[in-house]
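Undergrad:
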Amino acid sequence: MFSHNEEELIEWGRRLGSLLQEQDVLILTGDLGAGKTTFTKGLARGLGIKQMIKSPTYTIVREYEGRLPLYHLDVYRIGEDPDSIDLDDFLFGEGITVIEWGELLEGSLPDDYLKLTILKKADGRELVFESKGRRSQELLEELKHG
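Going by UniProt numbering, the sequence shown opens with residue 1, and the numbers climb by one from there.
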């Protein structure tokens with residue numbers, strides 16, 4: 001999948017957000033400035049969230065209310081120490097969990113999650129999805145063909 005500009009990246013996020021269900025987990029990875037928070041803005045739109053989405057870089061977690069709660073985490077600053085926050089509150093809560101830099105927590109992630117790598121290209125962003133489990137595979141199929 002590919003995004004030529006910010007609007008298209010937001011639209012990919014919106015499409016995915018409209019498909020999400022309680023306890024779905026999305027891991028976002030990519031270089032600084034790749035578009036992880038921009039994608040999350042679209043995801044929030046798909047969940048009916050009206051609040052402005054900001055990067056949780058310094059707060060670690062931001063919570064938003066919509067059709068389902070959105071827990072937006074940025075774990076870059078906690079490194080490989082998942083015990084510094086209680087991930088279970090988010091992963092097994094009543095909402096959607098989006099974790100920027102989530103690959104740093106691979107040993108603490110649930111068995112089923114969707115991973116998105118955003119790669120900077122000269123003419124936009126390449127979106128590389130990888131499903132880890134049955135539910136995330138269903139999500140990916142719906143996103144591709146729905």
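Glycine included, every Cβ here is placed at the ideal spot set by N, Cα and C.
Would residue 25 pass as a contact of residue 91 if the rule is Cβ separation under 8 Å?
TA: yes
Undergrad: Using C-beta distances below 7 Å, list every residue in its chain close to residue 36, excluding the 5 sequence neighbours before and after it, in chain order.
TA: 28, 30, 100 and 118
Undergrad: Return helix, strand or coil for residue 27, following the three-state DSSP convention.
TA: strand
Undergrad: Note down the Cα distance separating residue 203 from residue 122, rounded to an integer number of angstroms.
TA: Past the boundaries of the shown model lies residue 203; the chain is included only from 1 to 146, so the question cannot be answered.
Undergrad: The beta strand (DSSP E) spanning residue 11 covers which residue range?
TA: No beta strand (DSSP E) holds residue 11; the alpha helix (DSSP H) holding it covers 6 to 19.
Undergrad: Once DSSP output is grouped into helix, strand and coil, what is the label at residue 123?
TA: coil
Undergrad: Give the single residue among 134, 128, 127 and 126 whose Cα lies nearest to the Cα of residue 110.
TA: 134
Undergrad: Taking the alpha-carbon of residue 44 as reference, which of 3, 34, 139 and 18 has the nearest alpha-carbon?
TA: Each of 3, 34, 139 and 18 was checked against the Cα of residue 44, and the nearest Cα belongs to 18.
Undergrad: Leaving aside the five residues before and after residue 32 along the sequence, list all residues of the same chain whose C-beta is less than 6 Å from its C-beta, in chain order.
TA: none
Undergrad: Spatial neighbours of residue 102 within its chain, please: CB distance less than 6 Å, with the 5 preceding and 5 following residues excluded, ordered by chain position.
TA: 27
Undergrad: Going by DSSP, what residue range makes up the beta strand (DSSP E) through residue 43?
TA: From DSSP, residue 43 is part of no beta strand (DSSP E) but of the alpha helix (DSSP H) over 36 to 46.
Undergrad: From what residue to what residue does the alpha helix (DSSP H) around residue 140 run?
TA: 134 to 145
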